[in-house]
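Novice:
Protein chains in written order, with the working numbering: chain A, 32 to 467; chain B, 32 to 467.
Below is the structure:
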């Protein structure tokens with residue numbers, strides 16, 4: 032399949048050609064073959080006129096728990112302890128693979144319609160998630176979020192569910208769909224496991240050259256309890272075990288210390304900023320300007336929608352760009368272009384993927400926004416409009432790996448009616464009984 | 032015109048009947064005739080099936096400068112001083128009534144499509160704004176934002192432009208469209224005027240029983256300079272002149288003191304919270320939980336889109352609900368229902384208008400959201416979904432004063448093509464020359 036986009040206005044995230052105005056982008060198979068001003072030669076299966084559209088690399092949601100879509104808004108308005116223990120955990124205990132498939136497809140629909148082409152997901156029933164993502168057409172790094180509450184001396188990978196799940200996921204899915212699915216090693220968090228699991232995960236990741244996905248210093252108490260228990264911060268503690276040998280995606284990093292930032296830069300650890308979730312759960316405001324200053328790669332995530340409650344990355348982009356200005360008092364903190372980089376090229380780097388940039392050779396993850404809507408008029412500056420004025424709902428086309436999966440409100444890989452019936456007819460009654 | 036909404040799921044903001052599930056709402060002329068569970072008798076000109084929709088009172092944007100739509104994203108990425116002096120002020124100096132009409136219509140289109148039915152606007156060429164609003168069908172409180180930079184002893188209302196503009200606006204427009212347009216008295220801010228103007232505005236408002244619209248304590252330096260200059264905060268200073276005799280809408284209130292909050296409660300002054308603008312301009316975070324605790328009426332505004340850059344009040348609702356949780360560390364700070372009240376009934380109170388509530392006798396300002404979209408599924412709680420998951424783009428119908436002005440993407444009072452041509456063909460070249 033060869034596709035030509037013409038009359039392209041784009042923010043490319045490619046330093047060699049940052050903006051295109053009335054240019055061309057050509058796609059061959061799953062890759063971008065060309066981005067520039069000369070009309071590419073040859074025949075195309077489809078030519079897409081991009082007049083009155085804005086093109087951007089598909090967005091990378093670098094921290095998600097996508098099946099939690101089913102819990103959107105559930106138990107909202109409570110304090111954290113009540114919310115987790117009386118609502119979220121009991122509901123999650125009732126999940127089965129069919130629920131997870133429905134919740135994943137629902138979350139992916141929302142993500143696709145708002146411009147996401149690649150996700151970094153940590154959850155349970157991950158093989159079900161993998162199949163659902165494969166069918167939907169996006170790319171995903173998937174991980175099991177290893178937890179181990181037993182005594183360190185009792186640990187055995189043979190009896191640890193998350194070790195076995197990680198092995199099965201890797202064996203069955205790593206690299207599936209020509210790299211569409213990648214499997215990462217993962218520790219849920221410091222406070223939900225201990226040394227032997229961390230060592231196993233680090234060793235397993237080294238053995239198979241896997242990425243790493245961990246929750247880090249999300250809340251003050253988590254960060255301070257770790258310091259008290261181990262005399263080290265979570266970032267430094269995991270470093271001792273070799274968890275960061277190939278970098279990693281460290282979700283949240285709200286409370287990381289200055290020393291952590293140095294180590295993160297040195298080890299190529301990405302801080303995945305989830306500003307909406309961090310505000311909603313009252314976790315605090317990550318020190319993003321300092322992370323950037325320290326040279327740390329910063330990406331963006333929505334987290335699960337039970338604590339957001341939206342999968343629209345354009346909300347995170349805008350929030351990341353305004354929040355740190357307001358909190359620091361510096362109107363230059365986190366520029367529009369920096370926020371866009373977090374949601375595209377920086378996310379790709381975190382996931383070890385060759386996407387997030389519109390340039391020849393990159394994966395053809397491409398979105399178009401409808402620039403004729405009143406909220407995008409006028410356009411004095413492309414990046415400013417994309418960050419502060421665009422909404423996920425302005426996305427009118429989503430191409431993932433060279434395939435159009437969403438166009439003008441129509442999902443081309445998901446059956447929305449069937450999906451709604453599955454969510455409302457099976458998943459919700461299964462989890463919540465007849466009361467919901 | 033009699034309209035019946037059936038199968039209504041609604042958050043009414045009426046304490047007597049907070050939620051409707053499969054109920055009825057009837058509209059007669061510009062007013063709501065009924066909201067409840069018994070099907071109203073009689074003939075209707077139109078019956079609207081609200082299955083898979085959510086109904087909410089039309090939103091009140093309690094602080095705007097709507098013609099600034101033309102400056103959306105202009106000069107973004109600069110520090111405040113450069114932004115104002117090198118970009119915004121020179122551009123505003125080139126405005127003429129035709130530009131203002133185009134910019135107003137553009138901003139109103141964006142507001143209408145995202146569920147706003149009533150605005151509180153302060154700008155120049157206000158008679159042009161009045162005519163544009165009247166045609167578009169929303170309600171508006173309009174004011175001139177009085178400035179006076181002369182010496183106090185030289186002040187005369189006869190030679191002060193903003194006094195003359197306020198008089199003309201009141202004489203020609205106050206109450207127009209059966210109350211659709213109301214004219215407020217207004218002081219732009221403490222730092223852009225002095226005593227004789229404040230006295231004139233207070234006296235004029237008293238004479239004609241007008242509302243009041245003022246910028247208050249938006250930045251730290253503004254608040255502290257006022258304290259230094261007058262020994263009083265802006266709220267207390269204006270109180271001396273009788274500015275707050277009939278309450279008022281005090282925009283921003285980021286730096287108001289505890290004593291100010293007491294006075295605000297006593298004088299029925301509304302704090303109009305503009306969280307996005309305050310973050311983007313690095314003004315800070317208003318102490319909204321404390322304002323609520325002090326019993327102050329808190330409403331929401333977008334401010335002008337040059338500092339936002341969006342007129343979508345659903346963004347402000349969500350931000351108001353999450354920001355104070357994150358900054359205070361309290362996950363219960365500003366509930367979903369409190370945030371919705373700010374954008375509806377509290378805004379109506381600030382503007383002295385009988386809207387913002389779905390109940391018999393209220394103005395028929397009503398919006399419908401499409402609840403079948405993936406981002407609104409499932410719905411465990413109506414308020415949680417409306418605040419944390421809904422976006423302005425989910426609005427599928429906007430009825431203002433009993434008249435449907437927007438439905439399923441179509442504007443019924445604005446010609447979007449003509450409007451774009453006017454913005455791009457006249458207003459932008461007029462302001463920015465051929466370079467933009």
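Glycine residues also receive a C-beta, built at the ideal position from the N, C-alpha and C atoms.
So, at 8 Å on beta carbons, what are the nonlocal neighbours of residue 111 (chain B) in its own chain, with the 5 sequence-adjacent residues on each side left out?
Specialist: Against the second chain, residue 111 (chain B) aligns to sequence position 80. Excluding residues within five positions, the ones whose Cβ falls inside 8 Å are 312, 313.
Novice: Please confirm if the stretch 134-145 of chain B is in contact with the stretch 175-185 of chain B, defined as three or more CB-CB distances below 8 Å between the two stretches.
Specialist: Flag = no, the stretch 134-145 of chain B and the stretch 175-185 of chain B do not touch.
Novice: Which residues, in order along the stretch 96-115 of chain B, keep a beta-carbon less than 7 Å from a beta-carbon of chain A?
Specialist: Listed in sequence order: 101, 103, 104, 105, 107, 108, 110, 111.
Novice: Is the number of C-beta pairs between the stretch 384-400 of chain A and the stretch 317-333 of chain B that are closer than 8 Å three or more?
Specialist: No, the stretch 384-400 of chain A does not touch the stretch 317-333 of chain B.
Novice: Shortest alpha-carbon distance to residue 89 (chain A) belongs to which of A:315, A:130, A:171, A:258?
Specialist: Along the first chain, read from residue 1 onward, the residue named residue 89 (chain A) stands at position 58. Among A:315, A:130, A:171, A:258, the Cα nearest to that of residue 89 (chain A) belongs to A:171.
Novice: Taking only runs of the alpha helix (DSSP H) that begin and end inside the stretch 310-355 of chain B, which ones reach a length of at least 4 residues, in chain order?
Specialist: Runs found: 319-324.
Novice: Among A:390, A:403, A:303, which has the Cα closest to the Cα of residue 348 (chain A)?
Specialist: Position 317 of the first chain, counted from the first residue, corresponds to residue 348 (chain A). Considering only alpha carbons, the answer is A:303.
Novice: My output table needs one value for residue 458 (chain A): the three-state DSSP class, helix, strand or coil.
Specialist: Here residue 458 (chain A) corresponds to residue number 427 of the first chain, with the count starting at 1. Looking at residue 458 (chain A) - three-state DSSP - the assignment turns out to be helix.
Novice: With respect to the beta strand (DSSP E) encompassing residue 139 (chain A), which residues constitute its N-terminal and C-terminal limits?
Specialist: On the first chain, position 108 is the one that residue 139 (chain A) refers to. Taken as a continuous stretch (DSSP letters only), residue 139 (chain A) belongs to no beta strand (DSSP E), being part of the alpha helix (DSSP H) at 128-144.
Novice: Nearest chain A C-beta to residue 410 (chain B) closer than 9 Å, yes or no?
Specialist: Your numbering for residue 410 (chain B) matches position 379 in the second chain. Closer than 9 Å to some Cβ of chain A, the Cβ of residue 410 (chain B) qualifies, so yes.
Novice: For chain B, find out if any of its Cβ atoms is closer than 9 Å to the Cβ of residue 336 (chain A); answer yes or no.
Specialist: On the first chain, residue 336 (chain A) is found 305 positions in, with the first residue counted as 1. Output row for residue 336 (chain A): interface = yes.
Novice: Given residue 291 (chain A), which residues of its chain have a CB within under 6 Å of its CB, disregarding the five upstream and five downstream residues?
Specialist: Counting from 1 along the first chain, the entry for residue 291 (chain A) is found at position 260. Closer than 6 Å at the Cβ level, and outside the excluded window around residue 291 (chain A), lie 264, 266.
Novice: So, helix, strand or coil for residue 418 (chain B), using DSSP?
Specialist: For the purposes of this step, residue 418 (chain B) is identified with residue 387 of the second chain, where counting begins at 1. Of the three classes helix, strand and coil, the one that applies to residue 418 (chain B) here is helix, per DSSP.
Novice: Determine the direct distance from the alpha carbon of residue 245 (chain B) to that of residue 196 (chain B), and round the result to whole angstroms.
Specialist: Indexing the second chain from 1 puts residue 196 (chain B) at position 165. Indexing the second chain from 1 puts residue 245 (chain B) at position 214. C-alpha separation (whole angstroms): 16 Å.
Novice: Just the C-alpha distance for residue 350 (chain A) and residue 239 (chain B), rounded to the nearest angstrom, thanks.
Specialist: Taking the first chain and counting its residues from 1, the one referred to as residue 350 (chain A) is at position 319. Taking the second chain and counting its residues from 1, the one referred to as residue 239 (chain B) is at position 208. Distance between the alpha carbons of residue 350 (chain A) and residue 239 (chain B) is about 42 Å.
Novice: When you compare each of A:431, A:459, A:463 to residue 59 (chain A) by their alpha carbons, which one comes out closest?
Specialist: Against the first chain, residue 59 (chain A) aligns to sequence position 28. Nearest of A:431, A:459, A:463 to residue 59 (chain A), Cα basis: A:431.
Novice: Buried or exposed for residue 126 (chain A), please, with buried defined as at least 16 other CB atoms from any protein chain shown within 10 angstroms of its CB.
Specialist: Here residue 126 (chain A) refers to the residue found at position 95 when the first chain is read from its first residue. The residue in question, residue 126 (chain A), is buried, as its Cβ has 16 or more Cβ neighbours within 10 Å.
Novice: Using CA atoms only, rank isn't needed, just tell me which of A:86, A:62, A:204, A:128 is closest to residue 462 (chain A).
Specialist: As a working mapping, residue 462 (chain A) is identified with position 431 in the first chain. That would be A:128, whose Cα lies nearest to the Cα of residue 462 (chain A).
Novice: Using only the alpha-carbon positions, how far apart do residue 340 (chain B) and residue 420 (chain A) sit?
Specialist: For the purposes of this step, residue 340 (chain B) is taken as the residue at position 309 of the second chain. For the purposes of this step, residue 420 (chain A) is taken as the residue at position 389 of the first chain. The straight-line gap from Cα to Cα measures roughly 5 Å.
Novice: From this set, B:211, B:134, B:228, which residue's C-alpha is nearest residue 180 (chain B)'s C-alpha?
Specialist: Walking along the second chain from the start, residue 180 (chain B) turns up at place 149. The candidate whose alpha carbon is nearest that of residue 180 (chain B) is B:228.
Novice: For the stretch 112-146 of chain A, which residues have a beta carbon sitting closer than 7 Å to at least one beta carbon of chain B?
Specialist: Cβ contacts with chain B come from 137, 140, 141, 144.
Novice: Looking at C-beta atoms only, is the number of pairs between the stretch 385-392 of chain A and the stretch 438-448 of chain A that lie closer than 8 Å three or more?
Specialist: Touching, no, given that fewer than three Cβ pairs across the two stretches are closer than 8 Å.
Novice: Please classify residue 284 (chain A): does DSSP put it in a helix, a strand, or coil?
Specialist: Within the first chain, numbered from 1, the residue matching residue 284 (chain A) stands at position 253. Residue state, collapsed to three classes: coil.
Novice: Taking contact to mean 3 or more Cβ pairs, one atom from each stretch, closer than 8 Å, check whether the stretch 70-83 of chain A and the stretch 410-424 of chain A are in contact.
Specialist: No contact exists between the stretch 70-83 of chain A and the stretch 410-424 of chain A.
Novice: Compute the Euclidean distance between the alpha carbons of residue 444 (chain B) and residue 289 (chain B), then round it to the nearest angstrom.
Specialist: Here the question's residue 444 (chain B) lines up with position 413 in the second chain. Here the question's residue 289 (chain B) lines up with position 258 in the second chain. Approximately 45 Å between the Cα atoms of the pair.
Novice: Within 9 Å of any Cβ in chain A, is that where the Cβ of residue 342 (chain B) sits?
Specialist: Numbered from 1 along the second chain, position 311 holds the residue referred to as residue 342 (chain B). Output row for residue 342 (chain B): interface = yes.
Novice: Just to confirm, are residue 137 (chain B) and residue 123 (chain B) a CB contact at a threshold of 9 Å?
Specialist: The residue given as residue 137 (chain B) occupies position 106 in the second chain. The residue given as residue 123 (chain B) occupies position 92 in the second chain. No.
Novice: Give me the chain A residues within the contact set of residue 310 (chain B), using Cβ-Cβ distance strictly less than 7 Å, ordered along the chain.
Specialist: Here residue 310 (chain B) refers to the residue found at position 279 of the second chain. Those are 353, 354, 356, 357, listed as they occur along chain A.
Novice: Can you name, in chain order, every residue of its own chain whose Cβ lies under 7 Å from the Cβ of residue 132 (chain B), other than the five neighbours on each side?
Specialist: Taking the first residue of the second chain as position 1, residue 132 (chain B) is located at position 101. Cβ within range, chain order: 159, 163.
Novice: With residue 88 (chain B) as the anchor, note down where its beta strand (DSSP E) starts and where it stops.
Specialist: Numbered from 1 along the second chain, position 57 holds the residue referred to as residue 88 (chain B). That run of the beta strand (DSSP E) goes 84-88.
Novice: Following the continuous beta strand (DSSP E) through residue 123 (chain A), name the residue where it begins and the one where it ends.
Specialist: If you number the first chain from 1, residue 123 (chain A) lands on position 92. Element bounds for residue 123 (chain A): not the beta strand (DSSP E) but the alpha helix (DSSP H), 120-124.
Novice: Just the C-alpha distance for residue 82 (chain B) and residue 375 (chain B), rounded to the nearest angstrom, thanks.
Specialist: Along the second chain, one-based indexing puts residue 82 (chain B) at 51. Along the second chain, one-based indexing puts residue 375 (chain B) at 344. Their Cα atoms are separated by approximately 23 Å.
Novice: Just curious, the alpha helix (DSSP H) that residue 373 (chain B) is in, first and last residue?
Specialist: By one-based count along the second chain, residue 373 (chain B) stands at place 342. Note, residue 373 (chain B): alpha helix (DSSP H), 367-374.
Novice: Considering only the beta carbon of each residue, do residue 355 (chain B) and residue 106 (chain A) sit closer than 9 Å?
Specialist: Working through the second chain from its first residue, we reach residue 355 (chain B) at position 324. Working through the first chain from its first residue, we reach residue 106 (chain A) at position 75. No, Cβ-Cβ distance for residue 355 (chain B) and residue 106 (chain A) is not below 9 Å.
Novice: Cα separation between residue 145 (chain A) and residue 428 (chain A)?
Specialist: What you label residue 145 (chain A) is simply residue 114 of the first chain in a count that begins at 1. What you label residue 428 (chain A) is simply residue 397 of the first chain in a count that begins at 1. Each residue's Cα considered, the two are about 9 Å apart.
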